[in-house]
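Q: Protein sequences appear in the order of chains A and E.
Those letters in the first sequence? Residues 1 to 467, by the numbering used here.
Those letters in the second sequence? Residues 468 to 934, by the numbering used here.
Virtual Cβ for every residue (Gly too), placed ideally from N, Cα, C.
I'd like to ask some things about the structure below.
Protein chains: 2
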Amino acid sequence: MNINNDILNEIRQAAGENNVLQNLEEKIPYKNDASYMPGRIPELVIIPENSDQISRVLKLCTKYKIDVTVRSGGTSLTGSSVTNYNGIIINTMKMDKILELNIASRYVVCQPGVRLDNLNEYLNKYGFFYPPDPASSKASTVGGTISTNAGGLRAVRYGATKEWVLGTEFVTATGEIIRTGEYTLKRSAGYDLTALIIGSEGTLGVLTEAILKIEPLPEKYGRILSFYNDIYDVGSALSAVKNAGITPLIAEFMDLKTINSIRDKLNIKIPDYTQFMLMVDIDSTEASLKGKIENVEKIIKNYTKDVLTIMDQKTMDEIYKARKGAYSALLNQREKKNEIVIIGDVIVPASELPATLKEIKNAVDKMKINVSLFGHIGDGNIHANIFAENTKTGLEKVEKLQMEIAMAAIRHKGCVSAEHGIGTEKNKLLYEEYKERNSLYSLELMKRIKAVFDPENIMNRGKIFYD
Amino acid sequence: MNINNDILNEIRQAAGENNVLQNLEEKIPYKNDASYMPGRIPELVIIPENSDQISRVLKLCTKYKIDVTVRSGGTSLTGSSVTNYNGIIINTMKMDKILELNIASRYVVCQPGVRLDNLNEYLNKYGFFYPPDPASSKASTVGGTISTNAGGLRAVRYGATKEWVLGTEFVTATGEIIRTGEYTLKRSAGYDLTALIIGSEGTLGVLTEAILKIEPLPEKYGRILSFYNDIYDVGSALSAVKNAGITPLIAEFMDLKTINSIRDKLNIKIPDYTQFMLMVDIDSTEASLKGKIENVEKIIKNYTKDVLTIMDQKTMDEIYKARKGAYSALLNQREKKNEIVIIGDVIVPASELPATLKEIKNAVDKMKINVSLFGHIGDGNIHANIFAENTKTGLEKVEKLQMEIAMAAIRHKGCVSAEHGIGTEKNKLLYEEYKERNSLYSLELMKRIKAVFDPENIMNRGKIFYD
């Protein structure tokens with residue numbers, strides 16, 4: 001709806017005058033996030049200091065039916081953190097405190113604007129960490145990663161965000177401040193509203209506090225790199241490791257284009273035939289690590305002759321950092337000025353990796369489109385990075401390939417989004433997934449649940465749902 | 468409502484004639500579950516073979532507004548699996564197949580009637596297991612333990628059921644067959660309906676299939692028993708272990724009455740002063756276990772002089788089995804014929820254990836009521852087993868004590884139910900918890916979510932919600 005000056009004044013007062021951006025030049029940065037999905041410049045940007053302000057603002061927005069999008073780090077890759085309507089953006093970055101650490105009880109309490117790397121820097125001092133670790137962890141926040149159920153490199157061992165949130169404070173679209181879950185490691189007390197909030201991409205309300213589980217740092221680990229000509233063998237090697245009952249700490253793969261984009265930072269000798277590299281971290285105690293690593297080397301050697309093990313922490317840290325920067329590095333590989341790189345994100349069970357990877361590779365080759373593959377192969381997560389011209393034809397091509405990759409994932413018992421969310425980029429793909437599963441009613445239930453939290457449909461309208 | 472013969476015939480046809488119990492003597496066993504909550508003899512018991520039959524039956528029940536309670540092992544300790552109305556019971560025990568095992572992808576697919584011990588017997592052959600392990604695992608099922616988000620001895624390390632369910636097939640109250648989640652270890656694809664089903668105690672519909680995560684068996688572990696005179700020291704010792712960054716495989720405590728009830732099975736020397744025993748399992752690799760155990764022994768010795776370490780697998784298995792049988796053993800300790808033992812179930816963060824245990828002990832002593840304490844202290848879970856006469860006065864006393872214990876847990880950042888669910892036993896306590904947290908609107912949201920799945924409120928009416 002049109003937001004007149006009286007309403008704007010009311011909202012400004014509710015938020016506190018100092019917490020509002022209204023000038024065009026201040027609002028322009030909010031038109032985009034890390035995705036290529038088009039957004040709009042919002043009417044207002046609210047940068048609140050506490051949940052009371054958010055509650056007051058949301059009450060007004062529900063009353064006047066004003067669209068609201070929540071944003072923190074702005075690192076969404078699917079358009080979750082931009083608005084597509086004439087509405088406001090609530091930026092939670094001013095709420096960036098770590099409120100409490102309790103080692104014995106294994107939790108830390110954070111505000112939504114705490115960035116993941118800052119949180120882990122803090123926890124590491126105590127010998128602990130918060131496992132979810134998306135590549136964007138330097139910029140992405142507790143609030144944003146909860147909103148997309150973010151995963152990252154360590155999810156193969158530790159699972160995604162949803163396994164690490166004990167409770168929240170949350171403001172519903174109607175301005176009700178609720179607490180969900182709490183400080184205990186388990187509870188059996190009604191429906192799991194915490195879990196409902198995780199992955200909801202700002203469509204239900206605004207997260208204002210999170211109680212996160214923490215984990216002792218792994219004692220010691222080493223890294224096994226291995227090299228392949230055929231993508232099928234990469235998937236087979238990983239499956240064989242998991243079949244042997246071993247769950248790596250991380251398990252990443254990357255294709256030659258990705259390797260080349262970060263080659264100067266890898267500082268290792270890569271065999272000439274290499275089209276793909278697999279990187280597996282194995283952890284254990286000081287006394288047992290060597291034996292464990294030798295065991296995994298032996299398994300992997302059934303699929304390639306070249307295996308390189310690294311135990312030096314500094315080298316491992318550098319490679320880890322390079323891998324996390326792979327998407328940014330690929331952006332620098334663009335050949336044309338108007339080229340963009342769209343990062344895909346699908347997942348299949350580990351046993352389905354060899355066949356799925358092969359099908360994706362075939363689809364890419366057939367379409368003669370420039371694609372670079374990497375991903376958290378340990379949990380079956382494949383990122384296909386599609387290079388395309390930012391034109392109508394270019395984007396149509398991308399959409400076609402995304403659909404082919406998504407359908408391959410669905411055929412192999414997978415999902416159209418592993419860790420990036422749905423946003424506006426994938427709502428059609430999500431619809432297709434449920435259609436293929438003969439379960440469109442699941443989406444219907446989700447829509448009705450949204451209406452329970454957000455009866456006027458003001459929160460991040462147009463995200464997740466296709467129609 | 469009154470169910471007339473025409474409707475009964477329709478339901479019988481929908482379920483399949485061979486899947487219906489209608490004679491009184493066949494229905495009487497369904498009047499009770501493992502709790503002391505009063506139930507009713509149902510009009511009909513349906514024992515379906517597949518989700519289509521369940522769908523047809525639920526469509527009729529929604530149409531005619533007939534109350535439905537789901538039941539499998541019948542081991543509910545809070546009255547979740549009995550009906551309080553003139554309705555039907557759906558017993559899922561005929562759906563008891565293990566449908567698929569996929570080691571590389573770390574999942575097993577089960578029907579709801581599979582019993583947990585049978586599932587683990589099957590998985591152990593492959594070197595894997597399904598971690599949730601409630602004391603009733605011999606009788607309790609995949610479906611029932613999902614419905615209460617069951618925990619058990621291993622939850623301190625592995626978390627409760629909610630961390631182990633990847634996806635489901637589920638029939639809503641209106642008879643819609645949906646799929647939630649799927650076979651992958653992570654997904655970021657709309658609201659987490661799987662998580663919503665876990666812990667919903669049969670109030671949303673009927674679970675007909677579950678995709679469960681599995682875990683490699685721990686390599687090697689040992690058990691440290693320690694003995695105390697003061698309950699405060701038990702909590703302090705456990706907190707100290709966790710503060711040192713160690714997460715035990717299991718960590719149990721029991722009071723003298725519990726010890727005495729299983730003393731003949733323990734076969735260990737217990738110091739004379741003992742009022743409480745702590746039992747901590749530590750796991751590691753073959754090469755490193757000894758060092759780890761010594762480290763934990765050292766920490767615990769700050770709180771007691773008597774520490775006994777057991778490494779022999781057979782002895783450990785016997786003690787584990789005895790601990791799992793503690794509640795049954797206590798039932799045999801009843802002195803009077805009309806005495807019952809009501810098992811409590813609250814949880815607090817580990818750091819709050821010393822103070823909470825002390826307060827519970829004080830409340831018990833003040834009320835001069837016969838109580839035996841044990842619990843999964845590693846995750847803060849305390850079971851107070853209350854001996855009471857099965858009379859109005861006796862039960863009022865129990866209710867009063869349960870409320871005092873619940874309020875102690877709430878004061879210490881805890882929850883009124885850790886792993887047994889709410890049922891009809893604890894719906895007032897749950898209400899009090901949310902009231903104390905100033906978050907009654909959370910319960911309002913839950914009720915509205917129930918209406919999304921179950922618009923006629925036919926599923927397990929009266930459970931979870933107080934009003």
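Classify Glu761 (chain E): buried if its beta carbon has 16 or more other beta carbons within 10 angstroms, exposed otherwise.
A: Numbered from its first residue, the second sequence carries residue 761 (chain E) at position 294. With fewer than 16 Cβ atoms within 10 Å of its Cβ, Glu761 (chain E) is classed as exposed.
Q: Using beta-carbon positions only, say whether Phe387 (chain A) and Val416 (chain A) come within less than 8 angstroms of one another.
A: Here the question's residue 387 (chain A) lines up with position 387 in the first sequence. Here the question's residue 416 (chain A) lines up with position 416 in the first sequence. No, Cβ-Cβ distance for Phe387 (chain A) and Val416 (chain A) is not below 8 angstroms.
Q: Does DSSP put Pro515 (chain E) in a helix, in a strand, or in coil?
A: On the second sequence, position 48 is the one that residue 515 (chain E) refers to. Look at Pro515 (chain E) here: in three-state DSSP terms it is coil, with no helix or strand label.
Q: Determine whether the Cβ of Leu445 (chain A) lies closer than 8 angstroms to any Cβ atom of chain E.
A: As a working mapping, residue 445 (chain A) is identified with position 445 in the first sequence. By this cut-off, Leu445 (chain A) is an interface position.
Q: What does the alpha-carbon distance come out to for the pair Leu353 (chain A) and Leu756 (chain E)?
A: The count along the first sequence starts at 1 and reaches residue 353 (chain A) at position 353. The count along the second sequence starts at 1 and reaches residue 756 (chain E) at position 289. Leu353 (chain A) and Leu756 (chain E): Cα-Cα distance of roughly 35 angstroms.
Q: With the cut-off set at 8 angstroms, would you say Gly580 (chain E) and Thr559 (chain E) are in Cβ contact?
A: Mapped onto the second sequence, residue 580 (chain E) falls at position 113. Mapped onto the second sequence, residue 559 (chain E) falls at position 92. Their beta carbons are under 8 angstroms apart, which means Gly580 (chain E) touches Thr559 (chain E) by this criterion.
Q: Just verifying my parser: in three-state terms, what is the DSSP assignment at Asn385 (chain A)?
A: For this step, residue 385 (chain A) is matched to residue 385 along the first sequence. Looking at Asn385 (chain A) - three-state DSSP - the assignment turns out to be strand.
Q: Residues of chain E with CB closer than 7 angstroms to the CB of Asp192 (chain A), please, in chain order.
A: Numbered from 1 along the first sequence, position 192 holds the residue referred to as residue 192 (chain A). Those are Lys629, Ala662, Leu663, Ile665, Gly666, listed as they occur along chain E.
Q: Which chain A residues sit within Cβ distance under 9 angstroms of Val576 (chain E)?
A: Position 109 of the second sequence holds residue 576 (chain E). Per Cβ cutoff of 9 angstroms: no residues; Val576 (chain E) is ~11 angstroms from chain A at best.
Q: List the residues of chain E whose Cβ lies closer than 7 angstroms to the Cβ of Gly87 (chain A), in chain order.
A: Along the first sequence, one-based indexing puts residue 87 (chain A) at 87. The premise fails here: Gly87 (chain A) is roughly 22 angstroms from chain E at the closest Cβ pair, so nothing lies under 7 angstroms.
Q: Hey, Val774 (chain E) and Ile766 (chain E): beta-carbon distance below 8 angstroms or not?
A: On the second sequence, position 307 is the one that residue 774 (chain E) refers to. On the second sequence, position 299 is the one that residue 766 (chain E) refers to. No, the pair does not count as a contact, with Cβ atoms beyond the cut-off.
Q: List the residues of chain E that Ser188 (chain A) touches, going by C-beta distances under 7 angstroms, in chain order.
A: In the first sequence, the residue the question calls residue 188 (chain A) occupies position 188. Within chain E, the residues near Ser188 (chain A) are Thr615, Asn616, Gly666, Ser884, Ala885, Glu886, His887, Gly888.
Q: Tell me the DSSP bridge mates of Lys213 (chain A)?
A: Locating residue 213 (chain A) in the first sequence gives position 213, counting from the first residue. BP columns for Lys213 (chain A) point to A:Tyr107.
Q: From what residue to what residue does the beta strand (DSSP E) around Glu806 (chain E) run?
A: In the second sequence, residue 806 (chain E) corresponds to position 339, counting from 1. From DSSP, the beta strand (DSSP E) with Glu806 (chain E) extends over 806-810.
Q: Does DSSP classify Ser226 (chain A) as helix, strand or coil?
A: By one-based count along the first sequence, residue 226 (chain A) stands at place 226. Collapsing the DSSP output to three states places Ser226 (chain A) in a strand.
Q: For the structure I just gave you, are there three or more beta carbon pairs, one from the region 175-190 of chain A and one from the region 898-917 of chain E, closer than 8 angstroms?
A: yes
Q: List the residues of chain A whose Cβ lies closer than 9 angstroms to the Cβ of Val815 (chain E), in chain order.
A: Translated into the one-based positions of the second sequence, residue 815 (chain E) becomes position 348. The contacting residues are Ser105, Tyr183, Thr184.
Q: Would you call the region 30-43 of chain A and the region 67-84 of chain A in contact, with 3 or more CB pairs under 8 angstroms?
A: yes
Q: Return the bridge partner residues of Ile717 (chain E) from the DSSP annotation.
A: Residue numbering aside, residue 717 (chain E) sits at position 250 when the second sequence is read from its first letter. Bridge partners of Ile717 (chain E): E:Asp748.
Q: I'd like to know whether the C-beta of Gly811 (chain E) is nearer than 8 angstroms to at least one C-beta of chain A.
A: Position 344 of the second sequence, counting from 1, holds the residue named residue 811 (chain E). Not closer than 8 angstroms to any Cβ of chain A, the Cβ of Gly811 (chain E) fails to qualify, so no.
Q: As an exercise, report each continuous beta strand (DSSP E) stretch of at least 3 residues that is fully enclosed by the region 526-599 of chain E, in chain order.
A: 535-538, 555-558, 565-569, 574-577
Q: So that I know if they touch, is there some Cβ in chain A lying closer than 8 angstroms to that of Tyr695 (chain E)?
A: The residue given as residue 695 (chain E) occupies position 228 in the second sequence. Judged by the 8 angstroms Cβ criterion, Tyr695 (chain E) is not in contact with chain A.
Q: For Gly610 (chain E), would you say it is in contact with chain A, using Cβ-to-Cβ distances shorter than 8 angstroms as the test?
A: Locating residue 610 (chain E) in the second sequence gives position 143, counting from the first residue. Not closer than 8 angstroms to any Cβ of chain A, the Cβ of Gly610 (chain E) fails to qualify, so no.
Q: Under 8 angstroms between C-beta atoms, does Phe512 (chain A) make it to chain E?
A: Nothing can be reported for residue 512 (chain A): it is not among the residues displayed for chain A, which extend from 1 to 467.
Q: So for Gly394 (chain A), helix, strand or coil by DSSP?
A: One-based indexing of the first sequence puts residue 394 (chain A) at position 394. Looking at Gly394 (chain A) - three-state DSSP - the assignment turns out to be helix.
Q: What residues of chain A sit near Ser906 (chain E), judged by a beta carbon separation below 7 angstroms?
A: Here residue 906 (chain E) corresponds to residue number 439 of the second sequence, with the count starting at 1. By Cβ distance, chain A contributes Ile178, Arg179.
Q: Look up Val165 (chain A) in the DSSP assignment and say whether it is helix, strand or coil.
A: The count along the first sequence starts at 1 and reaches residue 165 (chain A) at position 165. Of the three classes helix, strand and coil, the one that applies to Val165 (chain A) here is strand, per DSSP.
Q: For the beta strand (DSSP E) that contains Ile645 (chain E), what are its first and last residues?
A: Position 178 of the second sequence holds residue 645 (chain E). Per DSSP, Ile645 (chain E) belongs to the beta strand (DSSP E) from 644-648.
Q: Do you know whose CA, among A:Ile146, A:Thr148, A:Gly87, A:Ile458, lies nearest Val45 (chain A)'s CA?
A: The count along the first sequence starts at 1 and reaches residue 45 (chain A) at position 45. Answer by Cα proximity: A:Gly87.
Q: In the structure shown, what three-state DSSP assignment does Gly245 (chain A) receive?
A: Mapped onto the first sequence, residue 245 (chain A) falls at position 245. It is coil, neither helix nor strand.
Q: Counting Cβ pairs closer than 8 angstroms, one from the region 850-865 of chain E and one from the region 135-150 of chain A, do we hit at least three?
A: no
Q: Do Gly881 (chain E) and Thr823 (chain E) have their beta-carbon atoms positioned less than 8 angstroms apart in this structure?
A: Here residue 823 (chain E) refers to the residue found at position 356 when the second sequence is read from its first residue. Here residue 881 (chain E) refers to the residue found at position 414 when the second sequence is read from its first residue. Yes, the pair counts as a contact, with Cβ atoms nearer than the cut-off.
Q: Lys687 (chain E) versus chain A: which residues are under 9 angstroms apart at the beta carbon?
A: Counted from its first residue, the second sequence places residue 687 (chain E) at position 220. In chain order: nothing, as chain A lies at least about 10 angstroms away.
Q: Jot down the residue ranges of each uninterrupted beta strand (DSSP E) in the region 251-334 of chain A, minimum 3 residues, whole runs only, in chain order.
A: 276-284, 307-310
Q: When the cut-off is 8 angstroms and only beta carbons count, does Pro112 (chain A) lie next to chain E?
A: Position 112 of the first sequence, counted from the first residue, corresponds to residue 112 (chain A). Output row for Pro112 (chain A): interface = no.
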